[in-house]
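A.B. asks: Have a look at the structure that comes next, please.
Dropping the structure here:
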């Protein structure tokens, strides 16, 4: 019983009111700072959602411009300056 009590502080409950799943690897939303299970990581209709846009950054005068490689994960707004391609599905992903 004491051993179980020691484990109670591990993990976090999903902040989505109709879920509350105890998740030992929760995700913290970078916009609202609440913790969510993997199912609701992106699907929690965040009230503080910040739309992140990426703009083209010139590499230098007269040279080609650098374009970020956007992440293909649904709901992720990450990007990398180099391609990170999955060999299985051949989609580009960020390193987060």
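Residue numbers (our numbering): 438 to 533. The beta carbon of each residue, even a glycine, is placed where N, CA and C say it ideally should be.
What residues in its chain sit with their C-beta under 7 Å from that of residue 520, if we drop five residues either side in the sequence?
C.D. replies: For the purposes of this step, residue 520 is taken as the residue at position 83 of the chain shown. Within the same chain, residue 520 has close Cβ partners 506, 529.
A.B. asks: Which word fits residue 461, buried or exposed, when buried means at least 16 other C-beta atoms lie within 10 angstroms of its C-beta?
C.D. replies: One-based indexing of the chain shown puts residue 461 at position 24. Exposed.
A.B. asks: Tell me whether the beta-carbon of residue 484 lies closer than 8 Å to the beta-carbon of residue 474.
C.D. replies: The count along the chain shown starts at 1 and reaches residue 484 at position 47. The count along the chain shown starts at 1 and reaches residue 474 at position 37. For residue 484 and residue 474, no; Cβs fall outside 8 Å.
A.B. asks: Are residue 531 and residue 515 touching if we call contact CB-CB under 8 Å?
C.D. replies: Walking along the chain shown from the start, residue 531 turns up at place 94. Walking along the chain shown from the start, residue 515 turns up at place 78. Contact flag set, yes.
A.B. asks: How many angstroms separate the CA atom of residue 509 from the CA atom of residue 480?
C.D. replies: In the chain shown, residue 509 corresponds to position 72, counting from 1. In the chain shown, residue 480 corresponds to position 43, counting from 1. So the alpha carbons of these two residues sit roughly 16 Å apart.
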